[in-house]
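Beneath this line is the structure, given in structure tokens, with notes to follow.
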């Protein structure tokens, strides 16, 4: 047994020597070198992918792979994982933003419609709700939504769904494949409302995305984000953690046939900053924070963050 | 007992423990005996106090400006040791929008429309009303708080000094600085009611919104702030149970007079004025009756004790 493990050690070290010929081979130092390897000076900055550390350059494609694989079963899985509550959260999110201007129908002279940018909104969940709210509640037929997603598969899913909505093939709904950290196609100061719902935790560089949001928003425009967050009740937190780490990957395996993607999902939720930390990140990007800065949903499983881009004259 | 003096010398500690000071202790410096007493304690406790201050300082610097202002806003009494807190805790941008929105209230009432139009007036967008997590309610509370600030400003600019009231019963003319606390309270209540003149027709809507169960605590604390302001400005210095009863009665009188005013069609609101006068007389009458009842019960008690003693009971 011991000879076998020694053989394995030698075997691996021999292999590694081929990969890194500049390091001289030293006997019995193999495991040490294996431990040292990740902390070696590296040109690529590291980021996290669930609980694993990976190179920043890889994260985009790995997240892409996750969402490509879950795109088709996205809605069923959301219902099963959140017991349907995600629909209530999304409805509340849209209702609290109250998209669409109610005034033009009363005063024809006032400017028309909002320009909404829905980031990471591939399947159109939020976009359709916002257009419905604007049309039916505020009687605003001008408000436009641009759905942006980095993942073509998710966008395709959204396009497919948009056929069933009255907004299909109108100028009120458009799709855009874009990385939220760099959106050169969106001009400065052009967006009224920037939303990102359950997406920002997958971004490689969240601060860059926030800065980009600040750039594209008009002065007075609003950044609104709904994301999984930290539960504030210890007892409920224990139950919730048990559910997310045991049940969700299992449901993923049974329903979507993809355990790894859902394992990533719960790990990425765990790694996302707390409400206060994320609020400070939003503030750092230059936004004004109204009130406490976040609103907890279901005792903090999810939280809505808001920031308002300041208007120069008012400050 | 020594707390107010002690805290006033140590602002850092004062900030962190403001809430635990009870209302009566803030007025303790009125009696000389208390001053000497607390000074003794003050000097004997110096070493402890200074270390206490040092411990507290880092804590209070951690407080964000927002947190600190809400702290001072929460202080439910007036104190000569601390500067007056601002009448509201809104940021610059919020105040700009709200002030502009108040111009639209006579036409649109306390609604989201007023808020939106106000935001447009000062260069914000429709979506910028996201700055107000409580929406219309923020407009109402800004109205209340800013009017309260105006009332304070009026008194500071010599509201009473410029007054001279002729009393028809005694046929004398009283100068402003000779007025009693009760008379000043009446003047202040009427003065505050007069500020509601322009929005009188919309005020019932606002009252309805304020009496919505989830808004009741905030509405009551604002009402308390107003009654406390009125009494302090009138020069009330009670430090016993009367502190509470006076504030309660002024609150009750003001709140009911506000409702009466919304339906008052007489010129110069003479009905409302008469109503306020009658209610204040009622208060005095109830106060007198309670005093008489107490006196009566005291006599009966002492008689009973005397009677018992004369029968040889060991009381």
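Protein chains in written order, with full-length UniProt numbering: chain A, 1 to 315; chain B, 1 to 315.
For every residue, glycine included, the Cβ atom is placed at its ideal position computed from N, Cα and C.
Legend entry - Boundaries (first-last residue) of the beta strand (DSSP E) holding residue 294 of chain A: As a first step, residue 294 of chain A must be located in the first chain, where it is residue number 294. Note, residue 294 of chain A: beta strand (DSSP E), 294 to 297.
Legend entry - Same chain, Cβ closer than 7 Å to residue 312 of chain B, neighbours up to 5 away in sequence not counted: Within the second chain, the letter at position 312 stands for residue 312 of chain B. Excluding residues within five positions, none has a Cβ falling inside 7 Å.
Legend entry - Buried or exposed by the 16-neighbour rule on C-beta atoms within 10 Å, applied to residue 299 of chain B: As a first step, residue 299 of chain B must be located in the second chain, where it is residue number 299. Exposed, by the Cβ-count rule.
Legend entry - Where residue 89 of chain B falls, given that 16 or more other Cβ within 10 Å makes a residue buried: If you number the second chain from 1, residue 89 of chain B lands on position 89. Its Cβ being crowded by 16 or more others within 10 Å, residue 89 of chain B is buried.
Legend entry - Anticipated Cβ contact below 8 Å, residue 93 of chain B with residue 288 of chain A, distance rounded: Start at 1 with the first residue of the second chain, and residue 93 of chain B comes out as number 93. Start at 1 with the first residue of the first chain, and residue 288 of chain A comes out as number 288. Distance from residue 93 of chain B to residue 288 of chain A at the Cβ level is roughly 6 Å; contact confirmed, criterion being Cβ atoms closer than 8 Å.
Inset, instruction - With DSSP as the reference, label residue 167 of chain A as helix, strand or coil. - result: To locate residue 167 of chain A, count along the first chain from 1; it is residue 167. It is coil, neither helix nor strand.
Inset, instruction - Using a Cβ-Cβ cut-off of less than 9 Å, give me the residues of the stretch 119 to 133 of chain B that come near chain A, in sequence order. - result: 119, 120, 122, 123, 124, 125, 126, 127, 128, 129, 130, 131, 132, 133
Legend entry - C-beta neighbour in chain B for residue 97 of chain A, strict 9 Å: Your numbering for residue 97 of chain A matches position 97 in the first chain. Closer than 9 Å to some Cβ of chain B, the Cβ of residue 97 of chain A qualifies, so yes.
Inset, instruction - Please compile the residues from chain B whose C-beta is within a distance smaller than 8 Å of the C-beta of residue 192 of chain A. - result: Numbered from 1 along the first chain, position 192 holds the residue referred to as residue 192 of chain A. Within chain B, the residues near residue 192 of chain A are 125, 126, 127.
Inset, instruction - Just confirm the distance between the C-beta atoms of residue 104 of chain B and residue 118 of chain B, as a whole number of angstroms; I'd bet it's less than 8 Å. - result: Here residue 104 of chain B refers to the residue found at position 104 when the second chain is read from its first residue. Here residue 118 of chain B refers to the residue found at position 118 when the second chain is read from its first residue. So it is a contact: roughly 6 Å between Cβ atoms.
Inset, instruction - Check each residue of the stretch 202 to 221 of chain A: if its Cβ is closer than 7 Å to any Cβ of chain B, include it; give the result in chain order. - result: 218, 220, 221
Inset, instruction - Output, in chain order, the set of chain A residues within a Cβ distance shorter than 9 Å of residue 205 of chain B. - result: To locate residue 205 of chain B, count along the second chain from 1; it is residue 205. Among the residues of chain A, none has a CB under 9 Å from the CB of residue 205 of chain B; the nearest is roughly 17 Å distant.
Inset, instruction - Measure from the alpha carbon of residue 242 of chain B to the alpha carbon of each residue in B/143, B/295, B/141, B/290, then state which is nearest. - result: Here residue 242 of chain B refers to the residue found at position 242 of the second chain. Here the closest residue by C-alpha is B/290.
Legend entry - Close-in-space but distant-in-sequence residues of the same chain around residue 135 of chain B (CB under 8 Å, 5 per side omitted): Counting from one through the second chain, the residue named residue 135 of chain B turns up at place 135. Residues of the same chain with a CB within less than 8 Å of the CB of residue 135 of chain B, apart from the 5 flanking positions on each side, are 112, 115, 129 in chain order.
Legend entry - Nearest-angstrom Cα separation, counted from residue 130 of chain A out to residue 233 of chain B: Residue numbering aside, residue 233 of chain B sits at position 233 when the second chain is read from its first letter. Residue numbering aside, residue 130 of chain A sits at position 130 when the first chain is read from its first letter. Near 50 Å, if we compare the C-alpha coordinates of residue 130 of chain A and residue 233 of chain B.
Inset, instruction - Report yes or no: is there a C-beta of chain B within less than 9 Å of the C-beta of residue 55 of chain A? - result: Here residue 55 of chain A corresponds to residue number 55 of the first chain, with the count starting at 1. Chain B, which has no Cβ nearer than 9 Å to the Cβ of residue 55 of chain A, makes this no.
Inset, instruction - From the DSSP output, in three-state form, read off residue 303 of chain A for me. - result: To locate residue 303 of chain A, count along the first chain from 1; it is residue 303. Strand, per DSSP.
Inset, instruction - Count the other C-beta atoms from every protein chain shown that fall within 10 angstroms of the C-beta of residue 277 of chain A, then say buried if there are 16 or more, exposed otherwise. - result: Numbered from 1 along the first chain, position 277 holds the residue referred to as residue 277 of chain A. Label assigned to residue 277 of chain A: exposed.
Legend entry - With 16 other Cβ atoms within 10 Å as the buried cut-off, status of residue 244 of chain B: Residue numbering aside, residue 244 of chain B sits at position 244 when the second chain is read from its first letter. Residue 244 of chain B should be labelled exposed.
Legend entry - Between the CA atoms of residue 286 of chain A and residue 248 of chain A - distance to the nearest angstrom: The residue you call residue 248 of chain A lines up with position 248 of the first chain. The residue you call residue 286 of chain A lines up with position 286 of the first chain. Taking the straight line from one Cα to the other gives about 36 Å.
Inset, instruction - Please go through the stretch 175 to 262 of chain A and give each complete beta strand (DSSP E) segment of 3 or more residues, from N-terminal end onward. - result: 191 to 197, 217 to 228
Legend entry - Through-space distance from residue 252 of chain B to residue 265 of chain B, alpha-carbon basis: Here residue 265 of chain B is taken as the residue at index 265 of the second chain, counted from 1. Here residue 252 of chain B is taken as the residue at index 252 of the second chain, counted from 1. Roughly 22 Å separates the two Cα atoms.
Inset, instruction - Go ahead and label residue 307 of chain B buried or exposed: buried means 16 or more other beta carbons lie within 10 angstroms of its beta carbon, across all protein chains shown. - result: Within the second chain, the letter at position 307 stands for residue 307 of chain B. In this structure residue 307 of chain B is exposed. Its beta-carbon is surrounded by fewer than 16 other beta-carbon atoms within 10 angstroms.
Legend entry - Interface residues of chain B facing residue 103 of chain A [CB-CB closer than 8 Å]: The residue given as residue 103 of chain A occupies position 103 in the first chain. Residues of chain B passing the Cβ test: 113, 116, 117, 126.
Legend entry - Contacts of residue 291 of chain A in chain B (Cβ-Cβ under 7 Å): The residue given as residue 291 of chain A occupies position 291 in the first chain. Around residue 291 of chain A, the beta-carbon contacts reaching into chain B at under 7 Å are 133.
Legend entry - Simplified DSSP state of residue 81 of chain B, which is helix, strand or coil: Residue mapping note: residue 81 of chain B aligns to position 81 of the second chain, counting from 1. Correct three-state label for residue 81 of chain B: coil.
Legend entry - Contact list for residue 255 of chain A against chain B, beta-carbon separation under 9 Å: Mapped onto the first chain, residue 255 of chain A falls at position 255. Correct list: empty, because the minimum Cβ distance to chain B is about 36 Å.
Inset, instruction - Quick one: grab the DSSP three-state call for residue 41 of chain B. - result: Reading the second chain from its first residue, position 41 is the one you call residue 41 of chain B. At residue 41 of chain B the pLDDT is 39, less than 50, meaning the model places this residue with poor confidence and gives no usable figure here.
Inset, instruction - Can you say whether residue 305 of chain B is buried or exposed, counting buried as having 16 or more other CB atoms within 10 angstroms of its CB? - result: Working through the second chain from its first residue, we reach residue 305 of chain B at position 305. So residue 305 of chain B counts as exposed.
Legend entry - 9 Å Cβ cutoff, residue 63 of chain A in contact with chain B: Position 63 of the first chain, counting from 1, holds the residue named residue 63 of chain A. Cβ-Cβ to chain B under 9 Å: no for residue 63 of chain A.
Legend entry - Beta-carbon proximity list for residue 168 of chain A, same chain, < 6 Å, skipping 5 on both sides: Numbered from 1 along the first chain, position 168 holds the residue referred to as residue 168 of chain A. Only 162 meet the Cβ criterion.
Legend entry - Proximity test, Cβ basis, 9 Å: residue 91 of chain B and chain A: For the purposes of this step, residue 91 of chain B is identified with residue 91 of the second chain, where counting begins at 1. Output row for residue 91 of chain B: interface = yes.
Inset, instruction - Starting from residue 308 of chain A, find everything on chain B with Cβ-Cβ shorter than 7 Å and list it in chain order. - result: As a position in the first chain, residue 308 of chain A is number 308, starting the count at 1. Going along chain B in sequence order, the residues near residue 308 of chain A (Cβ under 7 Å) are 128, 130, 131.
Inset, instruction - Note down the Cα distance separating residue 115 of chain A from residue 128 of chain A, rounded to an integer number of angstroms. - result: In the first chain, the residue the question calls residue 115 of chain A occupies position 115. In the first chain, the residue the question calls residue 128 of chain A occupies position 128. Answer to the nearest angstrom: the Cα atoms are 14 Å apart.
Legend entry - N- and C-terminal bounds of the beta strand (DSSP E) containing residue 144 of chain A: As a first step, residue 144 of chain A must be located in the first chain, where it is residue number 144. Looking at the DSSP string, the run of the beta strand (DSSP E) that includes residue 144 of chain A is 144 to 149.
Legend entry - DSSP beta-bridge partners of residue 316 of chain A: Since the first and last residues shown for chain A are 1 and 315, residue 316 of chain A lies out of range.
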